Ligand SMILES: Nc1ncnc2c1ncn2[C@@H]1O[C@H](COP(=O)(O)OP(=O)(O)OP(=O)(O)O)[C@@H](O)[C@H]1O
Ligand SMILES: [Mg+2]
């Protein structure tokens, strides 16, 4: 394979040389641009696999260059280099389509990791497009917002699984998007023209669940005035979504198991066996393995539904998606409420990024909807936010008590790395440990770098 080519745009020659040396050492081919205008001109001339760009440059700055480069080549991954501590410009860069950002002073390990990651993802994306075109499959996950590496990986899995008949188990905290993803799987499957039937296993009372699922004969129980088709039967040829499957009672689990094994069942009070052709998608925010261990969930059913488990990461583990989601919901809710709102002040985005979103995407959706309705001006300001979220900006680094020693250690490392702009050598010096020890702890705690 020919070497990957990287465009380095930085006005300081010494920076360019240092970056060139490190990246060439990793086998990349380098082209340099000494300012933004030069960078845009070079992108017009040839195809790059990635651009690494300083935000502060003469003539046209990095942000404007980023916009122009994306106009010329929308798919080129761009990593911006920002001054340490300017979270605002990092956020703006991500909003304007940058893949990622690095804070100065640059940590060369981090640089190499991010560069390789961005190039690998772009390559996967391209392979995926080719593959779909060859098969004539058009995937559309455009209503699911996200471009963090974790979400790109998820889209990758979804496009592999959606067109199959495989039973899918969606796992994830409340509000992470299990339902919207279940829907997308059906919409991107050959069954898309057939019924999509949802069953909320937690919302239906136990007494009704069975007849809801399997239907009942006339007079099967008090109140069964007419014969009724169950949801499995209505989903015939299509997909059934068993939401909150972890809440199902043991007896119902037994019945479901049979449908999954035999694809047939008998309506309540009926004797005739009905055969159905359904694809199953199940979801839960419970740890099913633990439920099995506790004897609350049938092990055999667990193995039946755990064919393709897909875990949707919580929002705090994919903070890059926060600005995108906030803008997405702002567009939706300002439209719905007929309000002209231009955007969020940078401090709001800063608070959003630092807040931990225990309610995940649903929580950010609700907050944005509420602030759109309540805000006075045409820009959402920090004052428009609930205190818990507005305060997140200052809360950084503070650890909640009581807490374990491990948590304190992890938080201290994260905070120190943040303060040194990701520079591990300096962080290790501040923490009074060797760089090697720090590296081990970063790995141990799974701290994102
Ligand atoms: N990636 C996303 N892009 C756009 N909207 C999203 C995304 N993820 C979730 N949402 C929206 O957030 C809300 C919550 O998502 P959803 O209902 O799918 O979550 P859930 O995982 O099923 O939650 P619960 O476990 O509480 O049922 C919905 O309005 C959904 O449309
Ligand atoms: Mg749900």
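In the working numbering, the protein residues as written are -10 to 438.
The C-beta atom is built at its ideal place from N, Cα and C for all residues, glycine as well.
Values in this document were obtained by computation on a predicted structure and should not be read as measured data.
For residue 232, the enclosing beta strand (DSSP E) stretches over residues 228 to 232.
Of all C-beta pairs linking the stretch 289 to 299 to the stretch 307 to 322, fewer than three are shorter than 8 Å, placing the two stretches out of contact. Excluding its 5 nearest sequence neighbours in each direction, residue 230 has C-beta neighbours in its own chain below 6 Å: 171, 187 and 270, listed in chain order. Assigned with DSSP and collapsed to three states, residue 332 falls in strand.
In this structure, DSSP gives residue 21 an extended state, which the three-state scheme calls strand. Residue 273 carries a strand assignment under DSSP once its states are collapsed to helix, strand and coil. Ranked by Cα distance from residue 135, the options 306, 36 and 233 are led by 306.
Counted as a single uninterrupted DSSP element, the beta strand (DSSP E) harbouring residue 93 occupies residues 89 to 93. In terms of Cα proximity to residue 266, the closest of 43, 33, 251 and 95 is 251. Residue 196 counts as exposed, since fewer than 16 other beta carbons sit within 10 angstroms of its beta carbon. Every alpha helix (DSSP H) of 4 residues or more that sits fully in the stretch 173 to 231 is shown, in chain order, as 195 to 203 and 220 to 223.
By the criterion of a C-beta distance shorter than 7 Å, residue 222 is surrounded in its chain by 204, 263 and 265, once the five residues flanking it on both sides are discounted.
CA-to-CA, the gap between residue 7 and residue 25 works out to about 19 Å.
Here DSSP, grouped into helix, strand and coil, assigns residue 76 to helix. Here the C-alpha atom of residue 31 lies approximately 51 Å from the C-alpha atom of residue 227.
For residue 167, the shortest C-beta to heavy atom distance toward ligand 2 is below 7 Å.
Between residue 98 and residue 413, the gap from beta carbon to beta carbon is short of 8 Å.
Residue 432 is classed as exposed because its beta carbon has fewer than 16 other beta carbons within 10 Å across all chains shown. With respect to the 8 Å criterion, residue 411 and residue 92 are classified as neighbours on the basis of their beta carbons. Taking the Cβ atoms as the reference, residue 349 lies roughly 7 Å from residue 163, within the contact range of under 8 Å. Look at residue 354: its beta carbon is less than 7 Å from one of the heavy atoms in ligand 1. When beta bridges are read from the DSSP output, residue 350 appears opposite no residue. For residue 422, the closest C-alpha among the options 68, 359, 324 and 405 is that of 405. Within the same chain, 24, 25, 26, 29 and 57 come within 8 Å of residue 49 by CB-CB distance, once the 5 residues on both sides are set aside.
Straight-line spacing of the CA atoms in residue 281 and residue 79 works out to 44 Å.
Pairing residue 403 with residue 436 gives a Cβ-Cβ distance under 8 Å. Distance check between residue 1 and each of 83, -10, 418 and 46 places 46 closest, using alpha-carbon atoms only. A distance below 8 Å between beta-carbons, with the five flanking residues on each side excluded, links residue 377 to the following residues of its chain, in chain order: 344.
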